[in-house]
Amino acid sequence: MVDGCHCTIDLYQTVKEKSLMSCLLETHLSSFCTSLRYSKLSASPSFFIYAIHISDCTHIYVFLCKISFCVCWQVWRKLFSPLHALNFGVSGDATQHVLWRLINGELDYISPKVVVLWVGTNNHGHTPEQICGGIMAIINVIHQKLPHAHTLVLGLLPRGKNPNPLRERNASVNALVQAEVVSLSHVSFLDVDPGFIHSDGSILHQDMYDYLHLTQQAYQRVCQPLYERIKSLLDKQAP
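The numbers in full-length UniProt numbering rise by one with no breaks, and the one at position 214 of the sequence shown is 214.
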């Protein structure tokens with residue numbers, strides 16, 4: 001420690017490696033991971049790119065925009081861990097962040113059958129058309145790097161306790177993306193909103209505790225149809 005309180009870079013790196021490996025072991029990835037590598041994404045030590053090289057197994061590759069494992073751990077373990085799923089989402093991701101990581105190697109050394117893409121709600125200051133353009137650019141990169149994978153794009157959820165411009169923007173993005181991908185055989189769109197908006201236009205804090213992030217019960221409602229769609233896609237690709 002440099003001052004009795006803050007870690008040196010070398011010590012921090014050692015702790016980070018052990019913590020990351022512990023997480024992977026806890027999620028049972030150790031049984032089929034053959035290598036692990038990561039590198040710094042920015043000056044902040046809390047952001048990393050990591051890739052997991054997997055061979056001889058069926059797996060999916062998941063982008064989830066701000067998925068909370070503190071809340072969703074049981075749902076993830078029940079539904080997606082058995083599918084050998086990887087979560088490469090980063091808190092606060094916008095389309096440009098995901099696109100940068102894909103271009104700079106995050107898709108290297110893996111060959112998933114299904115890619116789940118859920119991004120766009122954090123694109124503050126962008127129009128629906130711009131966000132749709134970012135999502136389509138990500139889809140194009142995925143297809144270039146993983147030509148045999150199917151990309152499943154998830155619709156953006158409504159947000160805010162009451163009707164607001166961001167909720168309207170997300171709905172517009174969903175309509176634009178859905179229209180763009182309808183003719184693409186390697187892409188499909190899934191609306192995962194189970195009906196969070198009530199008849200009076202409100203969203204309950206029991207579903208979104210801050211009217212943006214999902215509670216555990218809401219994750220279950222969102223992830224169950226997602227799981228069923230992924231299983232369907234994997235079954236279609238089975239030999």
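We treat Cβ as the ideally placed atom computed from N, Cα and C, and that holds for glycine.
Just so we're clear, the structure is a prediction, and the values are computed from it rather than from any experiment.
- Query: Do you know how far the Cα of L166 is from the Cα of P225?
  - Reply: For the purposes of this step, residue 225 is taken as the residue at position 225 of the sequence shown. For the purposes of this step, residue 166 is taken as the residue at position 166 of the sequence shown. Straight-line Cα distance between these residues: approximately 24 Å.
- Task: Classify V182 as buried or exposed, calling it buried when 16 or more other Cβ atoms lie within 10 Å of its own Cβ.
- Result: Here residue 182 refers to the residue found at position 182 of the sequence shown. Classification of V182: exposed, given that the 10 Å Cβ count is below 16.
- Message: So, for W73: in the same chain, excluding its five sequence neighbours on each side, which residues have a beta-carbon less than 8 Å away from its beta-carbon?
- Response: If you number the sequence shown from 1, residue 73 lands on position 73. If we look at W73 and ignore the five residues flanking it on each side, it has no Cβ neighbours.
- Message: I'd like the span of the alpha helix (DSSP H) that includes H143, first residue to last.
- Response: Residue numbering aside, residue 143 sits at position 143 when the sequence shown is read from its first letter. Element bounds for H143: 128-145.
- Message: Does the contact criterion of 3 or more C-beta pairs under 8 Å hold for the region 198-205 versus the region 155-162?
- Response: Enough Cβ pairs lie closer than 8 Å, so yes.
- Does the beta-carbon of A238 have 16 or more other beta-carbons within 10 angstroms, so that it is buried, or is it exposed? Numbered from its first residue, the sequence shown carries residue 238 at position 238. It is exposed - the Cβ of A238 has fewer than 16 other Cβ atoms within 10 Å.
- Start and end residues, alpha helix (DSSP H) containing H97: Mapped onto the sequence shown, residue 97 falls at position 97. Element bounds for H97: 95-101.
- Message: Going by beta-carbon coordinates alone, are L152 and S188 separated by less than 8 Å?
- Response: In the sequence shown, the residue the question calls residue 152 occupies position 152. In the sequence shown, the residue the question calls residue 188 occupies position 188. Taking 8 Å as the Cβ cut-off, L152 and S188 qualify as a contacting pair.
- Between V115 and Y219, is the Cβ-Cβ spacing less than 8 Å? Residue numbering aside, residue 115 sits at position 115 when the sequence shown is read from its first letter. Residue numbering aside, residue 219 sits at position 219 when the sequence shown is read from its first letter. No, Cβ-Cβ distance for V115 and Y219 is not below 8 Å.
- Item | Option nearest I138 by Cα separation, candidates R169, E168, E106 | Position 138 of the sequence shown holds residue 138. Out of R169, E168, E106, E106 has the C-alpha closest to the C-alpha of I138.
- Query: Comparing alpha-carbon positions, which option in P147, C132, Y109, V222 lies nearest D191?
  - Reply: Looking up residue 191 in the sequence shown gives position 191. Considering only alpha carbons, the answer is V222.
- Query: From which residue to which residue does the alpha helix (DSSP H) around N87 run?
  - Reply: Position 87 of the sequence shown, counting from 1, holds the residue named residue 87. For N87, no alpha helix (DSSP H) segment is defined; the enclosing uninterrupted segment is the beta strand (DSSP E) at 85-87.
- Query: According to the Cβ coordinates, are H97 and H143 closer than 8 Å?
  - Reply: Here the question's residue 97 lines up with position 97 in the sequence shown. Here the question's residue 143 lines up with position 143 in the sequence shown. In this structure, the beta-carbon distance from H97 to H143 does not fall below 8 Å.
- Message: Beta-carbon within less than 6 Å of S172's beta-carbon, same chain only, minus the 5 sequence neighbours each way: which residues are those?
- Response: Taking the first residue of the sequence shown as 1, we reach residue 172 at position 172. The residues are P128.
- Task: May I have the straight-line CA-CA distance separating L212 from P194, to the nearest angstrom?
- Result: The count along the sequence shown starts at 1 and reaches residue 212 at position 212. The count along the sequence shown starts at 1 and reaches residue 194 at position 194. Their backbone Cα atoms lie some 15 Å apart in a straight line.
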